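Protein chains in written order, with this note's numbering: chain A, 69 to 409; chain B, 69 to 409.
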């Protein structure tokens with residue numbers, strides 16, 4: 069049951085036309101920094117601010133959020149605040165079930181913040197926020213069945229189906245990175261083995277490159293040189309940079325990761341049949357060096373190929389601010405499947 | 069664009085309350101038989117009829133459909149006809165994209181039949197029809213996020229999300245059986261290797277049992293005896309019967325298949341987070357001998373276990389008539405995501 073509302077308009081889902089007026093603040097809580105911005109109804113960021121992530125203690129995070137909102141709202145009339153963070157939020161957007169960066173557990177974070185901020189607050193998963201932004205303003209605009217993938221250290225995922233975020237029965241849908249595609253394969257931090265994100269993420273790219281370097285393969289010399297012999301310093305970003313500079317080994321490593329990406333996308337297409345996949349996240353800095361092999365592997369592994377239209381695979385358009393933009397917009401329009409039902 | 073309507077009411081989606089009145093005929097076109105029935109608004113079958121499947125030629129199948137509808141509608145006032153068949157129908161329920169039992173390809177089958185029958189006709193995938201029936205009248209009643217799996221020779225799948233069948237962008241969602249869970253694994257008739265249905269279906273059970281029998285393993289003697297030495301005659305159904313009679317080897321084989329089933333369901337839960345899985349199809353005759361190991365493997369492989377509510381795994385309630393009942397009901401209420409938008 070919702071708690072009684074106070075000094076701000078009641079939370080209810082937007083009508084068939086999304087509410088178009090008003091500014092919102094979006095806040096993206098990451099592992100190292102908290103980014104915030106004033107976002108208008110067309111998805112433009114009017115002003116930005118950021119802080120270092122203050123640790124995961126509820127009071128500290130609340131304090132930073134309040135500071136950021138105070139700073140950003142001095143010159144703007146803000147109707148609502150959307151907060152995106154890695155982890156699982158409940159379906160209503162009120163409490164944190166689990167998050168690596170937020171120590172709230174089943175506490176009414178939204179209500180706490182609404183009391184402090186005297187504004188409508190929405191709490192959402194960062195991948196959901198990014199997907200919403202891409203659907204509203206980015207590479208997924210107009211797509212009735214959109215699946216978004218964020219390739220960072222792991223794989224984030226979200227779906228916008230029929231103009232609503234589909235978050236599942238308990239709000240934890242979209243964990244595509246934890247589909248097991250190699251039983252008995254690499255250990256995943258989720259506790260399983262063989263999860264997709266162990267094969268198609270920035271972490272996977274770094275791990276493969278380090279393994280190659282440790283084997284002291286002659287083809288790994290550019291990699292080893294780039295980190296002056298400190299093999300543990302080889303990350304996905306290092307490989308991506310070398311690949312863009314033309315290093316054939318780094319390109320092969322990206323190709324391997326791209327193939328796993330395409331295979332996992334084919335699995336998602338079998339289940340979900342989206343019209344478009346939007347692929348974002350840091351690993352996408354590799355651009356076509358990643359997406360071209362992914363598209364080929366997707367086409368090769370799509371079940372029913374030749375008898376069905378195939379989904380497009382597009383690079384995300386909004387970059388690292390997608391989460392902030394999406395959180396702000398969601399707080400305004402509130403279109404999540406399940407809400408308001 | 070829809071073609072102009074004729075002597076029957078216009079097709080439009082039901083309002084928030086499903087239309088409750090009227091009888092519909094459901095027709096399930098299978099590989100060997102065509103089953104039809106008059107279905108009321110509570111999902112009860114009032115009368116049934118069936119014919120042998122007449123081959124896949126459009127005119128022959130049309131003739132059988134017309135015969136069945138004529139026979140069944142003599143004593144009942146029928147408002148609509150729903151037809152379920154294996155394969156892919158377009159999103160509007162008007163044409164067959166691909167079907168093993170129907171040779172129509174991009175022809176307006178629905179319009180042909182509406183002309184012949186002078187009734188509203190809906191064409192749908194058999195797994196979608198069965199899922200809809202289980203959601204409306206069976207083991208999935210009241211579930212806001214339902215995923216259905218039909219275990220037969222392969223794996224059929226469908227989703228009912230927020231009271232609508234979710235069929236994807238092009239109408240071919242739900243092919244869960246073709247998620248690749250073992251790259252380089254068993255060849256699948258879809259053209260790939262390692263699809264889930266090669267590990268968790270009636271066919272998979274039969275193949276594993278035949279392999280064991282061919283190896284002439286001492287543990288396979290009951291299996292070999294049951295088919296009087298004709299190893300090729302060992303099917304999933306044979307194994308299931310022996311398992312129910314207590315044969316330890318057949319139980320082990322079912323357990324293996326159940327474990328693959330649970331692992332694939334855990335993958336679907338990661339992506340879709342349903343509240344309930346309903347599992348039906350012939351292989352479910354094995355009951356708990358299959359579902360108990362499936363539930364254990366699901367619990368063991370669910371990503372985020374311990375931090376999230378887990379979906380229930382339930383056996384389908386409506387049996388082999390689910391497809392017929394669902395096709396009839398869908399033709400009446402027409403609640404498919406995408407339709408009417």
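Each residue gets a CB set at the ideal place from its N, CA and C atoms; glycine is no exception. Predicted, not measured: the structure shown is a model, and the values here were computed from it.
Proximity test, Cβ basis, 8 angstroms: residue i and chain A
{"i": "residue 257 of chain B", "result": "no"}
{"i": "residue 194 of chain B", "result": "no"}
{"i": "residue 376 of chain B", "result": "yes"}
{"i": "residue 361 of chain B", "result": "no"}
{"i": "residue 402 of chain B", "result": "no"}
{"i": "residue 371 of chain B", "result": "yes"}
{"i": "residue 240 of chain B", "result": "yes"}
{"i": "residue 87 of chain B", "result": "For residue 87 of chain B, the predicted structure reports a pLDDT of 42, less than 50, and the residue's modelled location is therefore unreliable. The matter cannot be settled from this model."}
{"i": "residue 229 of chain B", "result": "yes"}
{"i": "residue 188 of chain B", "result": "no"}
{"i": "residue 271 of chain B", "result": "no"}
{"i": "residue 237 of chain B", "result": "yes"}
{"i": "residue 343 of chain B", "result": "yes"}
{"i": "residue 336 of chain B", "result": "yes"}
{"i": "residue 388 of chain B", "result": "no"}
Other residues of its chain near residue i: CB distance less than 8 angstroms, five sequence neighbours each side excluded
{"i": "residue 300 of chain B", "result": "278"}
Closer than 8 angstroms to chain B by CB, residue i
{"i": "residue 247 of chain A", "result": "yes"}
{"i": "residue 91 of chain A", "result": "no"}
{"i": "residue 157 of chain A", "result": "no"}
{"i": "residue 62 of chain A", "result": "For chain A, the structure presents residues 69 to 409; residue 62 of chain A sits outside this window and is missing."}
{"i": "residue 174 of chain A", "result": "no"}
{"i": "residue 126 of chain A", "result": "no"}
{"i": "residue 243 of chain A", "result": "yes"}
{"i": "residue 234 of chain A", "result": "yes"}
{"i": "residue 340 of chain A", "result": "yes"}
{"i": "residue 330 of chain A", "result": "no"}
{"i": "residue 413 of chain A", "result": "What the structure shows of chain A is the stretch from 69 to 409, and residue 413 of chain A is not part of that stretch, so it cannot be assessed."}
{"i": "residue 180 of chain A", "result": "no"}
{"i": "residue 170 of chain A", "result": "no"}
{"i": "residue 316 of chain A", "result": "no"}
6 angstroms CB neighbourhood of residue i in its chain, flanking five on each side removed
{"i": "residue 88 of chain A", "result": "Only weak support exists for where residue 88 of chain A lies, its pLDDT of 41 falling under 50; the value from the coordinates is given anyway. Around residue 88 of chain A: 109."}
{"i": "residue 70 of chain A", "result": "Its pLDDT being 41, under 50, residue 70 of chain A is placed unreliably in this model, and the coordinates cannot settle the point."}
{"i": "residue 228 of chain A", "result": "199, 203, 214"}
{"i": "residue 329 of chain A", "result": "268, 362"}
{"i": "residue 250 of chain A", "result": "262"}
Backbone secondary structure at residue i - three-state DSSP
{"i": "residue 344 of chain B", "result": "strand"}
{"i": "residue 240 of chain A", "result": "coil"}
{"i": "residue 158 of chain B", "result": "coil"}
{"i": "residue 366 of chain A", "result": "helix"}
{"i": "residue 271 of chain A", "result": "helix"}
{"i": "residue 108 of chain B", "result": "coil"}
{"i": "residue 336 of chain B", "result": "helix"}
{"i": "residue 151 of chain B", "result": "strand"}
{"i": "residue 223 of chain A", "result": "strand"}
{"i": "residue 81 of chain B", "result": "Unreliable placement is indicated for residue 81 of chain B, whose pLDDT of 47 sits below 50; no coordinate value is reported for it."}
Same chain, Cβ closer than 7 angstroms to residue i, five either side skipped, listed in chain order
{"i": "residue 230 of chain A", "result": "212"}
{"i": "residue 115 of chain A", "result": "105, 106, 140"}
{"i": "residue 255 of chain B", "result": "261"}
{"i": "residue 366 of chain B", "result": "330, 333, 334, 381"}
{"i": "residue 124 of chain A", "result": "169, 170, 171"}
Length of the line joining the Cα atoms of residue i and residue j
{"i": "residue 248 of chain A", "j": "residue 242 of chain B", "result": "18 angstroms"}
{"i": "residue 222 of chain A", "j": "residue 281 of chain B", "result": "43 angstroms"}
{"i": "residue 132 of chain A", "j": "residue 122 of chain A", "result": "8 angstroms"}
{"i": "residue 276 of chain A", "j": "residue 321 of chain B", "result": "36 angstroms"}
{"i": "residue 333 of chain A", "j": "residue 359 of chain B", "result": "28 angstroms"}
{"i": "residue 216 of chain B", "j": "residue 232 of chain B", "result": "13 angstroms"}
{"i": "residue 344 of chain A", "j": "residue 161 of chain B", "result": "22 angstroms"}
{"i": "residue 152 of chain A", "j": "residue 177 of chain B", "result": "47 angstroms"}
{"i": "residue 389 of chain A", "j": "residue 397 of chain A", "result": "12 angstroms"}
{"i": "residue 86 of chain A", "j": "residue 111 of chain A", "result": "With a pLDDT of only 43 at residue 86 of chain A, under 50, the local geometry of the prediction cannot be trusted, and no value is derived from it."}
{"i": "residue 169 of chain B", "j": "residue 393 of chain A", "result": "48 angstroms"}
{"i": "residue 297 of chain B", "j": "residue 303 of chain B", "result": "13 angstroms"}
{"i": "residue 220 of chain B", "j": "residue 92 of chain B", "result": "26 angstroms"}
{"i": "residue 347 of chain B", "j": "residue 384 of chain B", "result": "5 angstroms"}
Residue-chain proximity (residue i, chain D), Cβ-Cβ < 8 angstroms
{"i": "residue 309 of chain B", "result": "Considering every chain present, this structure includes no chain D. Its protein chains are A and B."}
Practice item. Specify whether the stretch 194 to 204 of chain A and the stretch 325 to 344 of chain B touch according to this definition: at least 3 beta carbon pairs, one from each stretch, less than 8 angstroms apart. Key: no
Check your understanding: Taking one C-beta from the stretch 209 to 228 of chain A and one from the stretch 156 to 174 of chain A each time, how about it: are there three or more such pairs within less than 8 angstroms?
Key -> no
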